[in-house]
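Novice: Here it is, the structure, as structure tokens.
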Amino acid sequence: MTGRICGTGFCVPERVMDNKELSGMVDTSDEWIRERTGIERRRIITEETTVSMAAKAAERALADAGISPEQVELIITATISSNVILPCTACEVQKEIGAAWAACFDVNAACCGFLTAFQIAQTYIAAGVYRTILIIGSESLSKLTDWTDRGTCILFGDGAGAAVLTAGEGRSFRGILHSDGSKGAALSCSGSHWKADENDSGFMKMDGREVFKFAVKRVPEVIHEVLKLNDCSIDDIDYFVVHQANRRIIESVAKRLDLDAEKFPMNLQEYGNTSSASIPILLDELRRNGVLKKGNRILLAGFGAGLSWGAGILDWIIE
Ligand code: COA
Numbered sequence: 003m004t005g006r007i008c009g010t011g012f013c014v015p016e017r018v019m020d021n022k023e024l025s026g027m028v029d030t031s032d033e034w035i036r037e038r039t040g041i042e043r044r045r046i047i048t049e050e051t052t053v054s055m056a057a058k059a060a061e062r063a064l065a066d067a068g069i070s071p072e073q074v075e076l077i078i079t080a081t082i083s084s085n086v087i088l089p090c091t092a093c094e095v096q097k098e099i100g101a102a103w104a105a106c107f108d109v110n111a112a113c114c115g116f117l118t119a120f121q122i123a124q125t126y127i128a129a130g131v132y133r134t135i136l137i138i139g140s141e142s143l144s145k146l147t148d149w150t151d152r153g154t155c156i157l158f159g160d161g162a163g164a165a166v167l168t169a170g171e172g173r174s175f176r177g178i179l180h181s182d183g184s185k186g187a188a189l190s191c192s193g194s195h196w197k198a199d200e201n202d203s204g205f206m207k208m209d210g211r212e213v214f215k216f217a218v219k220r221v222p223e224v225i226h227e228v229l230k231l232n233d234c235s236i237d238d239i240d241y242f243v244v245h246q247a248n249r250r251i252i253e254s255v256a257k258r259l260d261l262d263a264e265k266f267p268m269n270l271q272e273y274g275n276t277s278s279a280s281i282p283i284l285l286d287e288l289r290r291n292g293v294l295k296k297g298n299r300i301l302l303a304g305f306g307a308g309l310s311w312g313a314g315i316l317d318w319i320i321e
């Protein structure tokens with residue numbers, strides 16, 4: 003038995019912030035941001051919240067799958083920007099969508115969050131514990147962003163994506179996750195309630211070059227590793243759906259794997275880096291744009307704070 007994605011959905015805030023607007027806030031330019039990151043604009047919450055976007059993305063994914071909220075047995079939400087500490091976002095989503103019978107918990111694995119939720123869901127399904135699981139990545143990163151720091155504020159955006167997994171026949175693939183806690187300082191955020199000292203703003207802090215070097219080394223490595231683990235060839239993969247952090251990172255990964263960048267779809271130009279939401283938002287867009295076809299084999303890869311990185315493979319079953 004394996005978990006197959008049978009519905010997807012996403013929700014992003016209405017408000018668009020383009021690079022031009024950002025260049026009026028910090029010393030940067032549209033040209034610099036596009037050239038170094040590929041990002042052109044991002045969405046920023048106004049009325050929306052991590053919970054409201056997660057609930058909307060979840061409702062769309064359930065409608066897409068033709069599954070009612072009452073049928074959901076487990077909700078896993080990946081987020082680093084929940085509305086409140088307690089209750090968790092998954093419980094709040096449960097209340098919003100009426101998934102009365104679901105167990106609920108959140109996962110904090112930053113930009114590997116959706117991939118982690120996917121692997122947990124797969125493991126539960128393979129063990130026969132649950133048959134219908136809703137996984138969500140939802141982030142309001144604008145709340146954690148220092149809007150005076152040009153090294154970080156140009157990168158991030160808000161949004162949510164969701165997928166419904168159901169148990170069924172098909173090939174099951176083993177996923178991989180790695181972490182190196184000794185490098186955690188490269189991308190950190192203490193949160194406004196736990197400032198380390200008076201010099202700590204509480205917002206996200208990042209050593210951009212360090213994170214860049216980490217990503218372009220570790221992502222190709224873990225892609226090779228997951229292919230080998232599952233006895234797959236790189237040519238078996240139709241699309242590599244990689245965490246949408248930076249166009250240069252993704253192009254460099256493609257180059258290191260000696261693959262055409264066409265196999266690495268991107269939408270980061272529209273949404274920036276939405277952490278745990280980036281992979282499910284992209285999956286849903288690809289599906290609705292008719293790019294993904296039934297029978298495609300997809301490799302998911304994530305990387306980010308922790309530092310953590312990982313990859314997984316799935317066969318696409320939606321027509
Ligand atoms: N606008 C204009 N100039 C900027 C700038 C901005 N937004 N941010 C930094 N600069 C300047 C720096 O001050 C530096 O100037 P200097 O040469 O006078 O000192 C110069 O640009 C180069 O800075 P550097 O940090 O080396 O740039 P970079 O090419 O590494 O690009 C990032 C910076 C952040 C875009 C890049 O490091 C990156 O994308 N890293 C990965 C980040 C990431 O994806 N994090 C999330 C992972 S989940």
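Residues in the sequence shown are numbered consecutively from 3, following our numbering.
Don't be surprised by glycine CBs; every beta carbon is placed ideally from N, CA and C.
1. Looking at Cys113 and ligand 1, is the gap between the Cβ and the nearest heavy atom below 7 Å?
2. For Leu229, is the classification buried or exposed, using 16 other Cβ atoms within 10 angstroms of its Cβ as the cut-off for buried?
3. If you measure between the beta carbons of Leu285 and Gly163, is that distance less than 8 Å?
4. Give the C-beta separation of Thr276 and Leu143 to the nearest angstrom, bearing in mind that I take them to be a contact with Cβ-Cβ under 8 Å.
5. How would you call Glu33, buried or exposed, if buried means at least 16 neighbouring beta carbons within 10 angstroms?
6. Please indicate yes or no: does the CB of Leu229 lie closer than 7 Å to some heavy atom of ligand 1?
7. Beta carbon of Leu157: closer than 7 Å to some heavy atom of ligand 1?
8. Check whether the Cβ of Gly210 lies closer than 7 Å to any heavy atom of ligand 1, and answer yes or no.
9. What span of residues does the beta strand (DSSP E) with Ala313 cover, start to end?
10. Using the Cα positions of Ser29 and Leu64, report the straight-line distance between them to the nearest angstrom.
11. Are there any heavy atoms of ligand 1 lying less than 7 Å away from the beta-carbon of Asn248, as far as the coordinates show?
12. Going by CA-CA distance only, name the one from Thr168, Ser310, Leu179, Leu309 that's closest to Met3.
13. On the DSSP bridge assignment, give the partners of Asn275 in chain order.
14. Give the secondary structure of Leu229 by DSSP, where H, G and I count as helix, E and B as strand, and everything else as coil.
15. Following a CB-centred definition, is Phe116 positioned closer than 7 Å to any heavy atom of ligand 1?
16. What is the rounded straight-line gap between the Cα of Leu189 and the Cα of Arg176?
17. In terms of residue numbering, what span does the beta strand (DSSP E) encompassing Tyr241 cover?
18. Any heavy atom of ligand 1 closer than 7 Å to the Cβ of Val18?
19. Go through its chain and collect everything with a Cβ distance to Ala119's Cβ below 6 Å, but skip five positions before and after it.
20. Among Val255, Cys113, Glu37, which has the Cα closest to the Cα of Ser181?
21. Three or more C-beta pairs closer than 8 Å, one from the segment 5-22 and one from the segment 217-229: is that the case here?
22. Between which two residues does the beta strand (DSSP E) containing Gly306 stretch?
23. May I ask you to list the residues that DSSP assigns as paired with Ser140?
24. For the alpha helix (DSSP H) containing Thr4, name the first residue and the last one.
25. Mapping the DSSP letters down to three states, classify Ser184 as helix, strand or coil.
26. Hey, would you say the C-beta of Thr39 is under 7 Å away from at least one heavy atom of ligand 1?
27. Taking just the CA atoms, how far does Ser83 sit from Glu171?
28. Nearest to Leu76 by alpha carbon, out of Trp103, Glu61, Pro89?
29. Could you tell me the boundaries of the alpha helix (DSSP H) in which Met55 lies?
30. How is the beta strand (DSSP E) around Phe205 delimited, first residue to last?
Specialist: Reading off the structure:
1. Numbered from its first residue, the sequence shown carries residue 113 at position 111. Checking every heavy atom of ligand 1 against the Cβ of Cys113, one is found closer than 7 Å.
2. Working through the sequence shown from its first residue, we reach residue 229 at position 227. Per the 10 Å Cβ criterion, buried.
3. Here residue 285 refers to the residue found at position 283 of the sequence shown. Here residue 163 refers to the residue found at position 161 of the sequence shown. Yes, these two residues count as a Cβ contact at 8 Å.
4. As a working note, residue 276 is residue 274 in the sequence shown. As a working note, residue 143 is residue 141 in the sequence shown. Thr276 to Leu143, Cβ: 7 Å. Contact.
5. Your numbering for residue 33 matches position 31 in the sequence shown. Exposed, because fewer than 16 other Cβ atoms sit within 10 Å of the Cβ of Glu33.
6. Within the sequence shown, numbered from 1, the residue matching residue 229 stands at position 227. No, ligand 1 has no heavy atom inside 7 Å of this Cβ.
7. Along the sequence shown, read from residue 1 onward, the residue named residue 157 stands at position 155. Flag set: Cβ of Leu157 near ligand 1.
8. Within the sequence shown, residue 210 is the residue found at index 208, counting from 1. Indeed, a heavy atom of ligand 1 lies less than 7 Å from the Cβ.
9. Counting from one through the sequence shown, the residue named residue 313 turns up at place 311. Looking at the DSSP string, the run of the beta strand (DSSP E) that includes Ala313 is 310-317.
10. Position 27 of the sequence shown holds residue 29. Position 62 of the sequence shown holds residue 64. Residue 29 is actually Asp in this sequence, not Ser. The alpha-carbon of Asp29 is positioned some 43 Å away from that of Leu64.
11. Taking the sequence shown and counting its residues from 1, one reaches residue 248 at position 246. The answer is yes for Asn248.
12. Indexing the sequence shown from 1 puts residue 3 at position 1. Cα-wise, what sits closest to Met3 is Thr168.
13. The sequence position of residue 275 within the sequence shown is 273, counting from 1. According to DSSP, Asn275 bridges with Phe158.
14. Stepping through the sequence shown from its first residue, residue 229 is reached at position 227. Helix at Leu229.
15. Your numbering for residue 116 matches position 114 in the sequence shown. The answer is no for Phe116.
16. As a working note, residue 189 is residue 187 in the sequence shown. As a working note, residue 176 is residue 174 in the sequence shown. Between Leu189 and Arg176, the C-alpha separation is close to 28 Å.
17. Stepping through the sequence shown from its first residue, residue 241 is reached at position 239. Element bounds for Tyr241: 241-244.
18. The residue you call residue 18 lines up with position 16 of the sequence shown. No heavy atom of ligand 1 is found nearer than 7 Å to the CB of Val18.
19. Along the sequence shown, read from residue 1 onward, the residue named residue 119 stands at position 117. So the list reads Ile78, Ala80, Val109, Ile137, once near-sequence residues are dropped.
20. Your numbering for residue 181 matches position 179 in the sequence shown. Among Val255, Cys113, Glu37, the Cα nearest to that of Ser181 is on Cys113.
21. With the cut-off at 8 Å, the segment 5-22 and the segment 217-229 do not touch.
22. Against the sequence shown, residue 306 aligns to sequence position 304. Boundaries of the beta strand (DSSP E) harbouring Gly306: 299-306, taken from the DSSP string.
23. Counted from its first residue, the sequence shown places residue 140 at position 138. BP columns for Ser140 point to Ala162.
24. As a working mapping, residue 4 is identified with position 2 in the sequence shown. Here Thr4 belongs to no alpha helix (DSSP H); instead the beta strand (DSSP E) covers 4-13.
25. Residue mapping note: residue 184 aligns to position 182 of the sequence shown, counting from 1. Of the three classes helix, strand and coil, the one that applies to Ser184 here is helix, per DSSP.
26. Residue numbering aside, residue 39 sits at position 37 when the sequence shown is read from its first letter. Checking the Cβ of Thr39 against ligand 1 gives yes.
27. For this step, residue 171 is matched to residue 169 along the sequence shown. For this step, residue 83 is matched to residue 81 along the sequence shown. For Glu171 and Ser83, the gap between their C-alpha atoms comes out near 35 Å.
28. Position 74 of the sequence shown, counting from 1, holds the residue named residue 76. In terms of CA proximity to Leu76, Trp103 leads the group Trp103, Glu61, Pro89.
29. Position 53 of the sequence shown, counting from 1, holds the residue named residue 55. Residue range 52-67 is occupied by the alpha helix (DSSP H) that includes Met55.
30. As a first step, residue 205 must be located in the sequence shown, where it is residue number 203. According to the DSSP assignment, Phe205 belongs to no beta strand (DSSP E), since it is labelled neither H nor E.
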